[in-house]
Amino acid sequence: MLKNPCKTEVSVPGMALRGFVFKKVPVTAPHVCDITCERETICQSYNYVIGEKSCELNTRTKEARPENFQPDDLRFYMGRISGRTPLGSIPELPALSCQEIKLSEGKDSISKITGWIQLMSGSSKLVYCDMILEDIDECKGSNKVCDKNANCSNTVGFYNCTCKEGFTGDGRSCS
Numbered sequence: 001m002l003k004n005p006c007k008t009e010v011s012v013p014g015m016a017l018r019g020f021v022f023k024k025v026p027v028t029a030p031h032v033c034d035i036t037c038e039r040e041t042i043c044q045s046y047n048y049v050i051g052e053k054s055c056e057l058n059t060r061t062k063e064a065r066p067e068n069f070q071p072d073d074l075r076f077y078m079g080r081i082s083g084r085t086p087l088g089s090i091p092e093l094p095a096l097s098c099q100e101i102k103l104s105e106g107k108d109s110i111s112k113i114t115g116w117i118q119l120m121s122g123s124s125k126l127v128y129c130d131m132i133l134e135d136i137d138e139c140k141g142s143n144k145v146c147d148k149n150a151n152c153s154n155t156v157g158f159y160n161c162t163c164k165e166g167f168t169g170d171g172r173s174c175s
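Printed below as a string of C-alpha cells:
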C-alpha cells in the first residue's frame, strides 16, 4: 500500500503563533494567505486575522514553538501547505537551537545534520547538530573553535580543546 504523498494542513480556529511574525499582509480572503505564504521562502505558517482580513506570516510553526502557540479568538492558525523550507536549512531561516530544528522537522530530521543557528548577535552560523542529544557539535562546525595544533572533543553543551603532543597552550592557542 502506498503512503499518501500529499501533505494536509488543517486550520486551527481560535489559536495563533506569537512572536515570529515577519510580515503582515492585507488580503481579500483567507485562502490568499496560502498563496502569499508560498511566495515567501522563509514563511513557515500564518495567522489569519479575522476582523482585519489580513495574514501574519510566521518564520516558525506551532510544532517548532509550542510554547508560543496561544489562544486568540480573533485569529486562526495555518501551517504552510506545500514547499516549506526546512528550519535551519538556509542562513535566512536560522533556528534558535538544534532542538528547535528537531521539533520543526519531526521525523524528517536525521540524526546528525548541519544547520544554521541564530547567534546572540543576530547573525547566523552553520553548525553541526546531533539530533539525538539535541546538541551542537562545535568541533564539526564551519568555524574552528580550537587551534590547528589542538584536538577538539565535543561534550553536551560545550567542547574541550587540548594541545596535541609536542605543543603547549590552552587549546585555543597552541605553540
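Going by full-length UniProt numbering, the first residue of the sequence shown is number 1, and it counts up by one from there. Note that the Cβ used here is the ideal one computed from N, Cα and C, for glycine as well.
Is it right to say P13 is buried, meaning 16 or more other beta carbons lie within 10 angstroms of its own, or is it exposed? Classification of P13: exposed, given that the 10 Å Cβ count is below 16.
Could you tell me which of R65, A16, D34 and S123 sits nearest to D72, measuring between CA atoms? A16
Specify, as a first and last residue, the run of the alpha helix (DSSP H) that K102 falls within. C98 to E105
Would a C-beta distance cut-off of 8 Å place G171 and C146 closer than the cut-off? yes
Thinking C-alpha only, which one of N154, K148 and T155 is nearest C163? Of N154, K148 and T155, the residue nearest in Cα terms is K148.
From R80, G115, Q70 and F76, pick the residue whose C-alpha is nearest to that of E92; which is it? G115
Residues in its own chain within less than 7 Å of E63 by CB, not counting five upstream and five downstream? Cβ neighbours of E63 within its own chain (closer than 7 Å, five residues either side excluded): L103, S104 and G106.
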